[in-house]
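Beneath this line is the structure, given in structure tokens, with notes to follow.
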Amino acid sequence: MDKDTRLKLAVQKSGRLTDPCLDLLTRCGLKLSRGRDQLMGYGENLPLDVLFVRDDDIPDLVQQDVCDLGLVGLNVLEETRLELAANGVAARFDTLRELDFGRCRLAIAVPDGKSYDGSRSLQGKRIATTYPRMLERFLQERQVQAEIVTLSGSVEIAPRIGRADFVCDLVSTGSTLQANHLREVETVLESHAVLIRTPVQLAREKEDWIARLLLRIDGVQQVKESKYIMLHAPRSALPEIRRLLPGSEYPTILPLEGTTDKVAVHAVCRENIFWETLESLKQAGASSVLVLPVEKMLA
Ligand code: PRT
Ligand code: ZN
169 MDKDTRLKLA
179 VQKSGRLTDP
189 CLDLLTRCGL
199 KLSRGRDQLM
209 GYGENLPLDV
219 LFVRDDDIPD
229 LVQQDVCDLG
239 LVGLNVLEET
249 RLELAANGVA
259 ARFDTLRELD
269 FGRCRLAIAV
279 PDGKSYDGSR
289 SLQGKRIATT
299 YPRMLERFLQ
309 ERQVQAEIVT
319 LSGSVEIAPR
329 IGRADFVCDL
339 VSTGSTLQAN
349 HLREVETVLE
359 SHAVLIRTPV
369 QLAREKEDWI
379 ARLLLRIDGV
389 QQVKESKYIM
399 LHAPRSALPE
409 IRRLLPGSEY
419 PTILPLEGTT
429 DKVAVHAVCR
439 ENIFWETLES
449 LKQAGASSVL
459 VLPVEKMLA
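Residue numbering for the sequence shown follows the numbering used here, beginning at 169 and increasing consecutively.
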């Protein structure tokens with residue numbers, strides 16, 4: 169196939185986003201053969217190739233039209249957008265989808281034992297971060313003047329070594345902050361992975377494939393929580409059973425051979441089904457309940 173008709177997607181080479189991104193692409197039906205240099209993965213069955221890079225480079229690769237698409241954390245994307253704006257350059261990337269992985273937040277934390285009384289407490293203080301632009305915006309919005317200490321890593325030790333009074337870093341479980349005797353006090357940004365694209369109109373084939381990829385991504389995101397449930401129920405219990413099925417539209421009601429007052433109910437539930445729901449279904453009269461995972465879904 170002509171090279172120009174193949175989409176190029178930037179993905180983190182090795183880090184927290186790598187596995188979930190590759191998993192998403194696999195679920196979308198992409199078979200990748202990773203090149204010998206491991207910098208490029210070629211789509212064997214779709215006209216889509218993957219460029220493996222550092223996550224910080226992903227917005228720039230899309231900005232400069234080296235890649236058509238990118239999978240990156242919102243935190244990296246927003247920091248790059250502000251950095252470009254500070255240099256008088258407009259960002260040239262559009263967000264296509266918000267994804268349900270890479271969840272974390274950029275948060276300000278204070279050493280244990282130090283008091284915190286709202287953003288005023290940051291006035292005149294030093295805050296260490298690897299996200300100076302987002303922190304700057306946060307402080308400006310609250311009309312607080314503070315010194316931003318930009319570090320390239322290990323932000324959490326800055327207070328202990330006397331380089332800063334506060335830190336502004338990514339947090340997911342909070343255990344890193346806890347281990348460093350820091351307490352979270354402000355959220356600067358809620359983040360997750362996003363799929364971005366160049367705003368430039370691409371060749372027809374490429375645009376078509378982006379549209380197909382988006383449909384598949386939507387399908388993948390939908391089925392993650394979805395379940396297919398089958399059960400037997402007395403006709404009289406149907407209203408109550410429909411009420412109990414989480415996130416289901418119209419269930420299929422089927423007759424059962426040899427009985428008229430019982431029917432089979434089949435439904436797709438777009439939310440997970442917990443034991444509590446099964447117990448309530450049973451109480452409402454359901455029997456022979458089966459819950460199955462949904463592998464693919466196309467709305
Ligand atoms: O080498 P490269 O530059 O590509 O990788 P990187 O080291 O810059 O990034 P990486 O792999 O650490 O993270 C990639 C992306 O994952 C980030 O840009 C976020 O969008 C997302 N993400 C989700 C996180 C976290 N959760 C996270 N917990 N990124 C970093 N962390 C770090 C955080 O900086 C802190 O050191 O994990 C620590 C805190 O974690 P908890 O669980 O202890 O709170
Ligand atoms: Zn990085």
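Each residue gets a CB set at the ideal place from its N, CA and C atoms; glycine is no exception. All of these numbers come straight from a predicted model, not from anything done at the bench.
Item	Value
What are the start and end residues of the alpha helix (DSSP H) that includes Leu370?	Taken as a continuous stretch (DSSP letters only), Leu370 belongs to no alpha helix (DSSP H), as it is neither H nor E.
Run the proximity test for Arg222: is its beta-carbon closer than 7 Å to any non-hydrogen atom belonging to the ligand ZN?	yes
Measuring only from the beta carbon, is Leu345 closer than 7 Å to any heavy atom that is part of the ligand PRT?	yes
Spatial neighbours of Arg260 within its chain, please: C-beta separation below 7 Å, excluding the five flanking residues on both sides.	Gln231, Thr366, Pro367
Relative to the C-alpha of Asp337, which candidate in Ala178, Glu247, Phe442 has its C-alpha closest?	Glu247
Identify the residues that DSSP records as bridge partners of Glu266: which are they?	Val362
Sorted by chain position, which residues of the same chain lie with C-beta nearer than 8 Å to Leu114's C-beta, five sequence neighbours on each side aside?	This structure does not reach residue 114, given that the chain is present from 169 up to 467, and the question cannot be answered.
Indicate whether Ala178 and Leu219 have their beta-carbon atoms separated by less than 8 Å.	yes
Give me the Cβ distance between Pro279 and Leu350, rounded to the nearest whole Å; I'm assuming they're in contact under 8 Å.	6 Å
Does the stretch 307-324 come close enough to the stretch 283-293 to have 3 or more Cβ pairs within less than 8 Å?	yes
For Gly151, which of helix, strand or coil comes out of DSSP?	What the structure shows of the chain is the stretch from 169 to 467, and residue 151 is not part of that stretch, so it cannot be assessed.
Is the separation between the beta-carbon of Val240 and that of Asp223 shorter than 8 Å?	yes
What first and last residue would you give for the beta strand (DSSP E) that runs through Ser455?	455-461
Nearest to Arg184 by CA position, among Ile397, Ser201, Val339, is which residue?	Val339
One question on the structure: do Gly387 and Lys282 come within less than 8 Å of each other, judged by their Cβ atoms?	no
Where do the ends of the alpha helix (DSSP H) carrying Ala332 lie?	Note, Ala332: premise wrong, no alpha helix (DSSP H); not H, not E.
Which same chain residues, not among the five before or five after Gly209, have their C-beta less than 6 Å away from its C-beta?	Leu200, Arg202, Val218
Please state whether DSSP places Phe261 in a helix, a strand or coil.	coil
Restricting to Cα atoms, I'd like to know which of Gln451, Gly330, Asp268, Thr263 is closest to His390.	Residue identity check: residue 390 is Gln in the sequence provided, not His. Among Gln451, Gly330, Asp268, Thr263, the Cα nearest to that of Gln390 is on Asp268.
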